[in-house]
Structure formats: C-alpha cells, structure tokens
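The next block holds one structure in the form of structure tokens; read it before the comments.
Residue numbers (the working numbering), protein chains in the order written: chain A, 1 to 310; chain B, 311 to 582.
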C-alpha cells in the first residue's frame with residue numbers, strides 16, 4: 001500500500017509496480033535526483049579543495065610531496081611576511097572602495113528603474129544585463145583601449161580639445177584598477193537593488209509625504225532604510241568578486257600592481273611555487289569569507305537599527 | 311492625494327539622482343560600444359573614433375589558424391559543460407524544490423556552494439587535484455572544472471522556474487488518467503522548457519568566456535579563445551583584439567535575447 005499525502009498523486013493500485021516506481025521518482029519526493037550532482041561536486045569540488053588546502057601544509061620538491069607529515073611552516077612563513085599583509089591591505093582597499101563606488105552609481109539606476117515604466121525599463125535592463133553577460137576580460141580590454149597611453153581615448157580627446165598638453169597617466173595606477181573594477185562589477189550591485197526597489201511597498205513613502213516630509217527626506221528616511229538588506233547583499237557580492245579579481249589589477253594596474261589575488265595567480269602559473277600558491281589561496285579565501293561575513297553582520301545590525309528608529 | 315510640494319532641494323536632489331543614473335548607464339554600455347567601433351579601424355593601431363571603416367581585422371582573425379583552433383576549443387568545451395550541467399542540474403533542481411528529505415537546506419546550500427568560490431580557486435584546486443594523480447591541465451580538466459563552476463547557474467534558473475510552477479497541473483494530468491511519464495513529458499517539461507533554454511544559453515556563454523577557471527585548467531597546446539585573448543591583450547595592441555572582443559560582445563547579446571524571450575531579463579538578476 002502506498003500512503004497518500006495531501007496534494008500528492010492519487011494512489012492507483014492498478015498501475016504495475018514499475019510504473020508506480022516511475023511515478024514516485026518523477027514526483028521527486030526524495031533526495032535521489034540530486035545524488036549525481038552531489039557525487040560530482042564531492043569528486044570535482046570538495047576533493048580538489050581539500051587538495052588545495054593540503055598543498056599548503058606539505059612540502060613539495062620537484063613536483064613530489066616530500067615527507068608524510070603536515071607542517072604549519074609555510075602558513076607561518078606567509079603570515080610573517082610583510083608583503084602578504086601589504087597585498088591583503090591593497091586587495092581590501094581596492095575592494096572596499098570599488099564596492100562603495102558601485103553602490104553610489106548603482107543605487108540611482110535601480111531607483112530610476114522603479115520610477116519608470118515600459119520601454120525605459122527595458123532599456124535599463126538591457127544596459128545592466130548585457131555587460132553582465134559580456135566577459136570581464138573583454139570589458140577590462142575596453143578600459144585598456146579607453147585609458148591606455150597617448151593613444152587611449154581619454155587622452156586623445158583631452159589632448160585634441162587642448163585641455164591637457166601632456167597625456168595623463170591613468171593606466172597602471174590605482175585609478176585605472178578602481179574604474180575598471182567598478183564598471184565591471186556594477187551590474188552585480190544594481191540587480192539585487194533593482195528587484196527590491198521595483199517591488200517595494202510604496203504606501204510608506206506616500207504616507208511620509210502626506211505627513212509633510214519632503215521628497216528628499218522621504219528618500220533618505222524611508223526608501224533607503226527599506227533597502228538596507230539589498231544594499232548589503234550587493235556590497236557583500238561586489239566585495240567578494242572585487243577582492244578575488246586578479247584580471248583587472250593585472251591588465252589595468254600594470255605588471256607591478258599586485259594584490260593578494262594577483263600574487264596567487266603568479267605563484268601558481270608563473271613562479272610555479274605551488275606550496276606558496278596554495279597557502280596564499282587559502283588566506284585569500286579565508287579572509288574573503290571573513291570580510292563578507294562582517295559585511296553581512298553589519299547589514300543585519302543596520303537593518304535592525306533602521307527598523308527601530310523608524 | 312494631496313498635491314506634493316516640490317522644493318528646490320527636492321528638485322536638485324531628483325536631478326542629481328537622474329544625472330548619476332544616466333552617467334552610470336552610459337558607463338555600463340559605452341565601453342562595449344567603443345570596442346565594437348574600434349574593431350572596424352582600417353589602420354594598424356587603435357583610434358577612436360576610427361579613421362574609417364574596414365573589416366580587415368575580422369579577416370585577419372579568420373585567417374589566423376591558432377585563433378580559429380581556440381574558437382573550436384571554446385565551442386566544444388562550452389557544449390560539453392552545458393550538457394553536463396543540464397544533466398546534473400535539472401534533476402538536482404527537482405530534488406531541491408520538490409523533494410522532502412532531512413537536511414534539505416544543507417543539501418541546497420551544498421549544491422549552490424561553487425558559487426561562493428572564486429573561479430581562480432576552483433581552477434587552482436582542480437589543477438592541484440589533477441596533479442596529485444599526474445593528470446595535467448587538459449580539455450577534460452577544463453570541462454570538469456567549468457562544469458563545477460557553472461552548475462549553480464543551471465540549478466538556480468531551473469529551481470526558480472520549478473518553484474513558480476503550479477503542481478496542481480501535474481495532479482490534474484494524473485487525475486485525467488495520464489501516467490507519470492506522460493505527465494512529466496507533456497506537462498512538467500514543457501513548462502520548464504523556457505528555463506532550460508535560458509539555463510543552457512547562460513551556461514554556454516559563461517563557459518565560453520571564462521578566463522578565471524580556464525587559465526589554470528586548459529591545455530597549453532589547445533587554449534580556449536578567452537585564454538588566448540588574455541595573453542594577446544597583455545602583449546599585443548592590434549585592433550584584431552577588438553575584433554575578437556566585438557565577436558564575444560555579439561555572442562553575449564544573442565544570449566541576452568534568448569534569456570529575454572524565455573525567463574525574462576529581470577529574472578536573471580536573482581541568479582548571478
């Protein structure tokens with residue numbers, strides 16, 4: 001006998017056993033449809049991740065693991081290395097500033113989206129989604145074209161307008177990295193905000209204005225506090241992808257511009273010091289998670305505070 | 311409703327907001343448009359606006375054996391990744407949405423966990439794991455690592471659609487005498503169709519364009535286009551790079567149209 005659950009398929013005792021089995025399988029119900037994916041991820045994600053972490057705690061010489069004991073030596077060495085801290089600081093700085101810039105640029109776009117209808121909405125969506133689907137490399141290259149040396153578009157324009165006599169040096173500076181990161185990650189900030197602002201309950205705002213608050217006041221005291229969870233979701237996401245981005249610093253920051261993520265890449269692919277690469281990758285991942293958790297916690301706190309003061 | 315008073319501050323604030331939004335939108339689209347424009351430059355170096363119109367750089371790309379091979383590698387890889395992630399992801403999404411079992415939220419979190427990993431970390435982890443078994447970076451490693459990277463996209467797109475489906479339709483079909491397979495094939499799958507197409511398009515472009523995973527896992531002798539482009543960008547400065555980029559931009563536009571016509575552009579925001 002099969003048991004009937006409310007809303008489930010009606011029991012049909014006439015169908016043969018195998019068909020009943022198929023029915024049960026197709027209606028989901030169990031964990032089994034996810035098993036292939038779980039097995040796949042265990043083999044090709046969990047075990048590789050374990051290997052990556054383990055490589056930081058063994059000694060490798062000429063492609064062979066030497067000895068059979070784990071050692072903290074490499075981790076301690078990395079943590080005592082001033083360079084590692086400087087790289088982390090630069091990664092952190094770049095990621096924080098570019099996340100805040102994406103918020104400053106993205107919030108108005110999401111707000112505008114919520115205020116318009118029809119074709120304007122479609123155009124905003126296209127403008128936001130199309131870069132998201134374009135490879136980050138292509139977009140970094142676009143900035144190379146725009147900011148690059150004397151022939152860069154910015155310099156060509158400013159020189160021909162007579163605004164400057166000497167080409168500006170933007171490429172290979174912090175500015176180029178910040179501009180590139182901000183523009184490339186902007187859609188990731190706008191999209192969570194877009195959904196929340198477009199579907200928000202506008203009665204609170206109307207009430208606020210009917211009670212005599214100006215639009216500006218209403219915006220800052222009702223609309224923005226209401227979207228704090230989405231703001232921090234966007235900040236956490238943009239922070240994480242900026243902190244671990246090694247392509248933008250490499251292409252726009254120039255060869256000498258190093259962040260923790262760039263260093264991980266170079267140790268693994270260029271220097272081929274896999275032990276150090278593994279240690280730095282572990283540090284990168286751990287610090288990234290820690291910072292993201294801090295951002296999420298701050299967001300919760302602020303949302304609660306906004307709730308109370310309202 | 312009472313007529314709102316609009317003060318000078320409100321007006322200034324509203325204008326500032328609109329200006330920033332306009333600037334941000336321009337910032338989003340302009341770089342891609344500039345790259346497309348630059349790719350038609352007839353001279354040997356980059357200039358904007360281009361000094362004329364020529365498709366010579368496209369011709370040069372198409373005549374370049376190495377680049378054509380890399381496009382082949384990218385297409386093959388992206389097709390494999392799409393097939394694998396769909397095969398694994400669609401059933402997993404079923405379990406995630408319709409399943410009732412202990413530890414469901416933990417399983418869901420695990421299925422989506424690759425999303426929390428930077429591509430670089432997935433790439434390096436795969437490289438090291440393979441090396442442990444004397445397995446070099448290769449087309450196979452690239453496909454497997456990218457499948458891990460892209461699996462959450464498929465699961466999330468299909469999950470979103472499944473969660474929105476009315477399960478009573480399935481029941482109605484069963485009540486009307488359809489067997490389970492028939493219900494699945496004629497009721498559930500057609501409703502999921504758009505989500506599956508969107509998931510396939512999204513995964514294809516992500517796998518095709520990917521650099522962060524591919525840099526570590528792709529075969530040195532048969533690099534995908536994105537990795538080839540990565541090295542070209544660093545060491546070369548011809549409009550041919552703009553031509554390849556314009557090609558990738560066009561491809562992403564195609565994918566956007568597919569997504570717009572299937573699940574809708576506003577939906578994709580909740581996926582990435």
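Ideal placement from N, C-alpha and C gives every residue a C-beta, glycine not left out.
Among residues of its own chain, excluding the 5 on either side of residue i, which ones have a beta-carbon nearer than 7 Å to its beta-carbon?
i                      : result
residue 186 of chain A : 102, 105 and 106
residue 460 of chain B : 391, 395, 513, 516 and 517
residue 480 of chain B : 493, 497 and 498
residue 131 of chain A : 139 and 187
residue 242 of chain A : 94, 95, 98, 99, 181 and 185
residue 550 of chain B : 367, 370 and 371
residue 388 of chain B : 514, 517 and 518
residue 268 of chain A : 274 and 277
residue 189 of chain A : 102, 103, 106, 234 and 238
What does the alpha-carbon distance come out to for the pair residue i and residue j?
i                      : j                      : result
residue 392 of chain B : residue 195 of chain A : 27 Å
residue 291 of chain A : residue 514 of chain B : 31 Å
residue 449 of chain B : residue 558 of chain B : 21 Å
residue 209 of chain A : residue 300 of chain A : 27 Å
residue 431 of chain B : residue 236 of chain A : 18 Å
residue 32 of chain A  : residue 285 of chain A : 31 Å
residue 349 of chain B : residue 548 of chain B : 9 Å
residue 575 of chain B : residue 331 of chain B : 19 Å
residue 439 of chain B : residue 44 of chain A  : 9 Å
residue 365 of chain B : residue 352 of chain B : 7 Å
residue 7 of chain A   : residue 412 of chain B : In this predicted model, residue 7 of chain A has a pLDDT of only 46, less than 50, meaning its place in the structure is not dependable; the value taken from the coordinates is given anyway. Computed Cα separation, rounded: 20 Å.
residue 35 of chain A  : residue 306 of chain A : 43 Å
residue 126 of chain A : residue 73 of chain A  : 51 Å
residue 228 of chain A : residue 446 of chain B : 46 Å
residue 312 of chain B : residue 211 of chain A : The predicted position of residue 312 of chain B is uncertain, since its pLDDT is 45 and thus under 50; a value taken from the coordinates is nonetheless stated next. Residue 312 of chain B and residue 211 of chain A: Cα-Cα distance of roughly 10 Å.
residue 114 of chain A : residue 567 of chain B : 22 Å
residue 79 of chain A  : residue 276 of chain A : 11 Å
residue 385 of chain B : residue 414 of chain B : 35 Å
residue 153 of chain A : residue 280 of chain A : 37 Å
residue 92 of chain A  : residue 202 of chain A : 37 Å
residue 251 of chain A : residue 271 of chain A : 18 Å
residue 231 of chain A : residue 49 of chain A  : 31 Å
residue 162 of chain A : residue 361 of chain B : 20 Å
residue 572 of chain B : residue 342 of chain B : 24 Å
residue 511 of chain B : residue 178 of chain A : 30 Å
residue 561 of chain B : residue 135 of chain A : 10 Å
residue 38 of chain A  : residue 256 of chain A : 41 Å
residue 504 of chain B : residue 569 of chain B : 9 Å
If you follow the alpha helix (DSSP H) that residue i is part of, which residue opens it and which one closes it?
i                      : result
residue 558 of chain B : 549-572
residue 341 of chain B : 318-348
residue 192 of chain A : 174-198
residue 540 of chain B : 535-545
residue 155 of chain A : 153-161
residue 227 of chain A : Note, residue 227 of chain A: premise wrong, no alpha helix (DSSP H); not H, not E.
residue 425 of chain B : Premise fails: residue 425 of chain B is in no alpha helix (DSSP H) and is neither H nor E.
residue 296 of chain B : Past the boundaries of the shown model lies residue 296 of chain B; chain B is included only from 311 to 582, so the question cannot be answered.
residue 54 of chain A  : 47-55
residue 477 of chain B : 477-485
Can you list, in chain order, the residues of its chain whose CB lies under 8 Å from that of residue i, leaving out five sequence neighbours each side?
i                      : result
residue 436 of chain B : 451, 454, 455, 458, 523, 526 and 527
residue 380 of chain B : 532, 533, 534, 535, 537 and 538
residue 434 of chain B : 526
residue 554 of chain B : 371, 377, 535, 539 and 542
residue 345 of chain B : 552, 555, 556 and 559
Please work out which residues of its chain come closer than 6 Å, Cβ to Cβ, to residue i, disregarding the five sequence neighbours upstream and downstream, and give them in chain order.
i                      : result
residue 421 of chain B : 402 and 465
residue 406 of chain B : 418 and 469
residue 148 of chain A : 171
residue 501 of chain B : 475
Which chain E residues are close to residue i, counting only those with a beta carbon under 9 Å from its beta carbon?
i                     : result
residue 30 of chain A : The chain labelled as chain E is not found among the protein chains of the depicted structure, namely A and B.
With a threshold of 7 Å, establish whether the CB of residue i neighbours any heavy atom of the ligand FAD.
i                      : result
residue 468 of chain B : Among the components of this structure there are no ligands whatsoever, and the ligand FAD is therefore not found.
Within 8 Å of chain A by C-beta, residues of the stretch 355-369 of chain B in sequence order: 355, 356, 357 and 358
Chain-ordered residues of the stretch 238-258 of chain A with a beta carbon less than 7 Å from chain B: 244, 246, 247 and 251
Chain B contacts from the stretch 123-134 of chain A (Cβ-Cβ distance under 9 Å): 123, 124, 125, 126, 127, 128, 129, 130, 131, 132, 133 and 134
Contact set between the stretch 208-221 of chain A and chain B, restricted to residues whose Cβ is under 8 Å from the partner: Listed by position, the residues of the stretch 208-221 of chain A near chain B (Cβ gap below 8 Å) are 209, 210, 214, 215, 216 and 219.
Segment contact flag, the stretch 132-144 of chain A with the stretch 236-251 of chain A, C-beta cutoff 8 Å, min 3 pairs: Yes: at least three Cβ pairs fall under 8 Å.
Touch test, the stretch 258-266 of chain A against the stretch 85-92 of chain A, Cβ-Cβ under 8 Å, three pairs minimum: yes
Short-range partners of chain B found in the stretch 148-166 of chain A, where Cβ spacing is below 9 Å: 148, 151, 152, 153, 156 and 157
Against chain B: residues of the stretch 37-67 of chain A by CB proximity under 8 Å: Within the stretch 37-67 of chain A, the residues whose Cβ lies closer than 8 Å to some Cβ of chain B are 37, 38, 40, 41, 44, 45, 47, 48, 49, 51, 52, 55 and 63, listed in chain order.
Touching by the beta-carbon criterion (3+ pairs, under 8 Å), the stretch 480-489 of chain B and the stretch 357-364 of chain B: no
Sufficient close CB pairs (3 or more, under 8 Å) joining the stretch 318-331 of chain B to the stretch 215-231 of chain A: Taking 8 Å as the limit for Cβ pairs, the verdict is that the stretch 215-231 of chain A does touch the stretch 318-331 of chain B.
Near-chain B residues of the stretch 262-284 of chain A (beta-carbon distance less than 8 Å), N- to C-terminal order: 264, 265, 268, 269, 274, 277, 278, 281 and 284
Selection of the stretch 101-118 of chain A by Cβ proximity to chain B, strictly under 8 Å: 104, 105, 106, 108, 109, 111 and 112
Residues from the stretch 549-562 of chain B in contact with chain A, defined by Cβ distance under 8 Å: Result list: 551, 552, 555, 558, 559 and 562.
Chain B contacts from the stretch 165-188 of chain A (Cβ-Cβ distance under 8 Å): 183, 186, 187 and 188
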